[in-house]
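Under the working numbering, the first residue of the sequence shown carries the number 581, and numbering increases by one thereafter.
Just so it is clear, CB atoms sit at the ideal spot from N, CA and C, and this is done for glycine as well.
Working notes for the structure below.
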Amino acid sequence: MKLLEDRILKDGKVLGGDVLKVDSFLNHQIDVPFLCELGKELHRLYEGAGVNKVLTIEASGIGIACITAQYFGCPVVFAKKAKTSNIADDLYSAQVHSYTHGVTNNIVVSRSYLSPEDRVLIIDDFLANGCALEGLTEVCQQAGATVVGCGIVVEKQYQGGGDKLRRSGIRVESLAKIAAMTDGRITFC
Ligand code: 5GP
581 MKLLEDRILK DGKVLGGDVL KVDSFLNHQI DVPFLCELGK ELHRLYEGAG VNKVLTIEAS
641 GIGIACITAQ YFGCPVVFAK KAKTSNIADD LYSAQVHSYT HGVTNNIVVS RSYLSPEDRV
701 LIIDDFLANG CALEGLTEVC QQAGATVVGC GIVVEKQYQG GGDKLRRSGI RVESLAKIAA
761 MTDGRITFC
């Protein structure tokens with residue numbers, strides 16, 4: 581999506597450890613009209629797929645998930661990072677290694693908010709190694725829900741997570757795909 585690529589080139593900052601910072605519009609300060617354009621595109625890609633729930637993970641996926649969900653007219657559920665490893669009976673849970681924080685979290689979703697009737701679009705801001713999406717997919721499997729696909733704002737394609745998920749049969753659509761980030765320079769696929 582040209583609009584997004586231009587914004588990343590204008591405002592994105594490449595940090596060490598292969599991290600792209602887009603705090604000024606996506607996941608700290610939020611440019612709502614701009615995210616609406618991203619949400620409309622994600623809706624266009626999955627229109628007709630029967631999406632009746634959007635699932636994301638706290639915290640930085642919540643903004644784009646909410647904006648996208650309003651075009652589907654459906655609720656958003658966000659997986660919470662559990663404070664303890666004791667998982668209650670009324671929760672679905674999975675382990676997710678955090679790319680940016682280097683820790684492994686138990687993510688949890690209440691059994692009240694995902695069921696076999698749900699056709700789920702998983703949304704996140706970034707896709708790197710794919711751990712977050714794998715964890716969210718696992719939660720959907722536990723619920724017996726159908727994963728319609730994943731909608732990602734920025735996929736760092738060279739880190740392989742997206743292609744691994746696609747090979748496993750999951751539809752993954754990314755609005756910007758980064759082929760390389762070398763010496764602070766971003767190259768799109
Ligand atoms: P994965 O689980 O695919 O390795 O990483 C995805 C998660 O890590 C996303 O939920 C996102 O919050 C975070 N993440 C991964 N790479 C980046 C990055 O380059 N920039 C930012 N801001 N977050 C990232």
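Please state whether DSSP places residue i in a helix, a strand or coil.
i, result
"I642", "helix"
"I647", "helix"
"S754", "strand"
"I588", "helix"
"K663", "coil"
Got a sec: does the ligand 5GP put a non-hydrogen atom nearer than 6 Å to the Cβ of residue i?
i, result
"G710", "yes"
"T684", "no"
"F706", "yes"
"G741", "yes"
"L600", "yes"
"S640", "yes"
"Y626", "no"
"T664", "no"
"Y738", "no"
"T767", "no"
"T762", "no"
"T636", "no"
Determine the closest residue to residue i out of the options, with distance taken between C-alpha atoms.
i, options, result
"R765", "R691, G596, S673", "G596"
"S665", "H681, N686, G682", "N686"
"A712", "G741, L618, D586, L625", "G741"
"T680", "L707, A723, F652", "L707"
"V634", "Y672, R699, I588", "R699"
"V688", "V719, L701, H677, D704", "V719"
"I642", "D611, D705, L694", "D705"
"I667", "G682, S690, S678, Y651", "S690"
"D763", "L583, L589, V594, D611", "V594"
"A662", "Y651, G682, E638, A645", "E638"
"I644", "L745, Q609, S692", "Q609"
How long is the line joining the alpha carbons of residue i and residue j, rounded to whole angstroms?
i, j, result
"T636", "G592", "22 Å"
"F658", "V727", "15 Å"
"Q737", "D669", "37 Å"
"I758", "V599", "12 Å"
"A649", "V656", "6 Å"
"T767", "G715", "28 Å"
"M581", "I732", "12 Å"
"S754", "I647", "16 Å"
"G724", "G653", "22 Å"
"I750", "E697", "19 Å"
"L622", "E585", "15 Å"
"L671", "C616", "31 Å"
"Q675", "F605", "29 Å"
"C730", "K590", "26 Å"
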